[in-house]
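This report refers to the structure that appears directly beneath it.
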Amino acid sequence: MISPLLSNIALNGIEKKLGDWAESQQLYRPNGNRIDKKVDRRKSIIYVRYADDFIVMNHNVEIIRKCKIVIENFLSERGLELSQAKTRIIHTRNAFGEYEPGFEFLVFKIRHFDTKKHSAKDNQGRNLGYRLLIFPSMTSRRKHFATIDLILRQHRTASQSQVVKRLNPIIIGWINYFRYSHILTTKIGGYMEQILFNKLKY
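Under the numbering used here, the residue at position 178 of the sequence shown is numbered 180, and the numbers go up by one with no gaps.
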C-alpha cells in the first residue's frame, strides 16, 4: 500500500497548479467565445488522477501541450518526470498523430464514436453526430480470460461445483467493476459471455 500513498503525496497539488495557471491564461470555449470568469477558466482544464495515473482534458490541443509543460515543471521540482512511454496527447474521436482515437484509463477504454443514433446533444438540443462510449479495454479483457484459462487448467479434474465456486468471484468481480460502463451497449458483454460458455463447454 505504500506505493499509492507515496504517489498521492508526491502528486498532490497538480490540480491546483493547473488551475492557477488556467486563471492567468486567455482561454476560449469550443464555440470560440472567450472565457471571462477565472473560476470557469479553472474548470475548463479537466484533471482526473488515481494514484500515479492521471489524465488532463481540454478541447484545444495547444492548451494540453502547455498543461504538459506545467506538469513537467511541477514534477521536476520533486525530482520526478513524466514517463515518455505512457504520456500521450490524443483525441477521443479522431486519430491523432500515430495514435488511434480514445484512451485507456484504469483499464477502461474511453472514446467518442460517430453516430446519428443516440447522438450527444449541445446545449441547444442539437445532435453533435457522435457519442461517448466507455467500455473494458482490450488489455483488461485479455487479462480476464487469461485468469479464467489458468483456473480451468488448475481445476481440470475438479467437479463442476468446485469450478463454479472458484470462477464465480472472478467473473462477478470483473462485471461489477465495469457495471457503469457501456459493456452491454457495445455488445462486449454478450461476446465475452459466449467465449466463457465455449471455454466451459470444451
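Glycine included, C-beta positions come from ideal geometry on N, C-alpha and C.
Cα-Cα separation between residue i and residue j, rounded to whole angstroms
{"i": "Glu79", "j": "Thr187", "result": "44 angstroms"}
{"i": "Arg36", "j": "Glu74", "result": "27 angstroms"}
{"i": "Gln126", "j": "Gln164", "result": "56 angstroms"}
{"i": "Leu169", "j": "Tyr182", "result": "22 angstroms"}
{"i": "Gln28", "j": "His120", "result": "34 angstroms"}
{"i": "Asp151", "j": "Phe110", "result": "22 angstroms"}
{"i": "Gln86", "j": "Val166", "result": "43 angstroms"}
{"i": "Ile174", "j": "Lys70", "result": "38 angstroms"}
{"i": "Tyr101", "j": "Ala53", "result": "24 angstroms"}
{"i": "Gln156", "j": "Gln162", "result": "13 angstroms"}
{"i": "Ala12", "j": "Phe76", "result": "10 angstroms"}
{"i": "Gly81", "j": "Asn10", "result": "15 angstroms"}
{"i": "Lys123", "j": "Arg95", "result": "15 angstroms"}
{"i": "Ile197", "j": "Ile112", "result": "23 angstroms"}
{"i": "Ile16", "j": "Arg67", "result": "15 angstroms"}
Nearest to residue i (by Cα), restricted to the options the options
{"i": "Asp22", "options": "Leu108, Arg44, Phe110 and His184", "result": "Arg44"}
{"i": "Lys201", "options": "Phe147, Arg31 and Gln86", "result": "Phe147"}
{"i": "Arg31", "options": "Leu152, Val63, Leu77 and His120", "result": "Val63"}
{"i": "Lys18", "options": "Leu29, Asp38 and Val58", "result": "Val58"}
{"i": "Ser142", "options": "Leu135, Trp176, Val72 and Gly81", "result": "Trp176"}
{"i": "Asn14", "options": "Gly34, Phe56 and Thr117", "result": "Phe56"}
{"i": "His1", "options": "Leu77, Leu84 and His114", "result": "Only positions 3 to 204 of the chain appear in this structure, which leaves residue 1 out of reach."}
{"i": "Lys40", "options": "His184, Lys145 and Glu25", "result": "Glu25"}
{"i": "Arg158", "options": "Leu82, Ile197 and Lys203", "result": "Lys203"}
{"i": "Lys88", "options": "Phe107, Gly99, Phe98 and Arg95", "result": "Phe107"}
{"i": "Ile136", "options": "Gly191, Ile153 and Ile16", "result": "Gly191"}
{"i": "Gly34", "options": "Pro171, His61 and Arg51", "result": "His61"}
Assigned exposure category for residue i - 16 Cβ within 10 Å defines buried
{"i": "Ser5", "result": "exposed"}
{"i": "Ser46", "result": "buried"}
{"i": "Arg90", "result": "exposed"}
{"i": "Leu134", "result": "exposed"}
{"i": "Gly104", "result": "buried"}
{"i": "Leu7", "result": "exposed"}
{"i": "Met140", "result": "exposed"}
{"i": "Pro138", "result": "buried"}
{"i": "Phe180", "result": "buried"}
{"i": "Met194", "result": "buried"}
{"i": "Ile185", "result": "buried"}
{"i": "Leu130", "result": "exposed"}
{"i": "Leu20", "result": "buried"}
Range covered by the beta strand (DSSP E) that runs through residue i
{"i": "Pro138", "result": "Tyr132 to Pro138"}
{"i": "Arg51", "result": "Ile48 to Tyr52"}
Any non-hydrogen atom of the ligand MN within 6 angstroms of residue i CB
{"i": "Leu77", "result": "The ligand MN is not part of the structure shown, which contains no ligands of any sort."}
Residue i - containing alpha helix (DSSP H), residue span
{"i": "Met194", "result": "Ile190 to Lys203"}
{"i": "Pro6", "result": "Ile4 to Leu13"}
{"i": "Asp22", "result": "Ile16 to Glu25"}
{"i": "Arg36", "result": "Unbroken run through Arg36: none, as it is neither H nor E."}
Enumerate, from N- to C-terminal direction, the unbroken beta strand (DSSP E) stretches of 3 or more residues contained entirely within the stretch 52-97.
Assignment of beta strand (DSSP E) within the stretch 52-97, counting only whole runs of 3 or more residues, yields 55-59 in chain order.
May I have a chain-ordered list of the alpha helix (DSSP H) segments no shorter than 4 residues that lie completely inside the stretch 103-168?
Given a length threshold of 4 residues, each whole run of the alpha helix (DSSP H) inside the stretch 103-168 is given here in chain order: 140-156.
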